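In our numbering, the protein residues as written are 10 to 292. This report refers to the structure that appears directly beneath it.
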Ligand SMILES: Nc1nc2c(ncn2[C@@H]2O[C@H](COP(=O)(O)OP(=O)(O)OP(=O)(O)O)[C@@H](O)[C@H]2O)c(=O)[nH]1
Ligand SMILES: [Mg+2]
Ligand SMILES: [Zn+2]
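Below you can see the structure in the form of structure tokens.
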């Protein structure tokens, strides 16, 4: 028996990383009876002779989309140009990570396409996210990215064309994952990457996932959302279950310029979406 990590799944075949070697295995029949589906990211015990996955170790966490487990960080790749920078999308992706108990790490791409003024704005934005406690990198900052992610299993998050596959290729020059120019006529790319797969890049295990743009934030309770905007906790609100729409300490912190107005506005937009999906649920 050997310990391994599932790094790839195509139908009922699971590629397991065992001592730096890939062994393609099938799950035990019993898993199906127990309605247990092995996931990419699972730590497993396999029999190298029969090539059967005998056991799945307890998961530290489990994401629904992409369906993966044991994630140490979500690498949110944000394009600053083509596709255009969307901080609302970034804030939604941060909420998605926070609500799943996964640390978001912010990586900005395509800074090389910006003019000086745009670059200055983007750097200010990056500084703000850093100031509220997140790790923030430019995708060209290879050394520091690798240092921070060493020995972690991370999942890439970001819209199509953001530069996720490119990032993996940048972090490890021996990798040559398919990338595709963003279709400019459509203004957004076609998803180039389809399967969930873990790439071992130096000492980082990275999942290149199908990029998604529509997000599952609809399961979040409106009163829960505020916890996923981490800087809000610095300004405790005097009301219980308050969603901070007006006349409270948090709202005042926004007016006083202590909380970035754009973040608060994104919060209100996402809050409305949470209410909307709830009302659909009860229809
Ligand atoms: N100039 C510039 N181009 C970049 C950068 N990062 C990515 N690109 C380009 O952007 C395009 C899309 O990059 P991909 O890495 O394929 O994007 P992706 O996020 O993997 O997209 P999907 O697989 O479709 O989800 C490619 O043409 C890349 O060469 C960057 O930092 N600067
Ligand atoms: Mg890709
Ligand atoms: Zn409040």
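Ideal Cβ positions, reconstructed from N, Cα and C, are used throughout, including at glycine. Note that this is a predicted model, so its numbers are computed, not measured.
The Cβ atoms of residue 80 and residue 49 do not sit closer than 7 angstroms to each other.
The residue among 122, 116, 207 and 143 with its C-alpha nearest the C-alpha of residue 176 is 116. Ordered along the chain, residues surrounding ligand 3 are 246, 251, 253, 257 and 259 [Cβ under 5 angstroms from any heavy atom]. Here residue 38 carries a helix assignment [DSSP, helix/strand/coil]. For residue 54, the enclosing beta strand (DSSP E) has its first and last residue at 52-56. The beta carbons of residue 102 and residue 85 sit closer together than 7 angstroms. Rounded to whole angstroms, the separation of the alpha carbons of residue 211 and residue 88 is 24 angstroms. Residue pairing from DSSP places residue 13 in a beta bridge opposite 53.
If you look at residue 106, you'll find it in the alpha helix (DSSP H) that goes 96-108.
For residue 118, the CB stays at least 6 angstroms from every heavy atom of ligand 2.
According to DSSP, residue pairing for residue 18 in a beta bridge involves 23. When only Cα atoms are considered, residue 151 and residue 137 end up about 21 angstroms apart. Residue state for residue 260 is assigned as helix, using DSSP reduced to three classes. Looking at 245, 161, 186 and 105, the one whose alpha-carbon comes closest to that of residue 283 is 105. Under the DSSP assignment, residue 133 falls outside any beta strand (DSSP E), being part of the alpha helix (DSSP H) whose first and last residues are 125-140. Every unbroken stretch of the alpha helix (DSSP H) spanning 4 or more residues and falling wholly within the stretch 224-248 is given here in chain order: 231-234. By DSSP's assignment, residue 271 forms no beta bridge with any residue.
Contact between residue 240 and residue 209 does not hold, since the beta-carbon distance rounds to 35 angstroms and is not under 8 angstroms.
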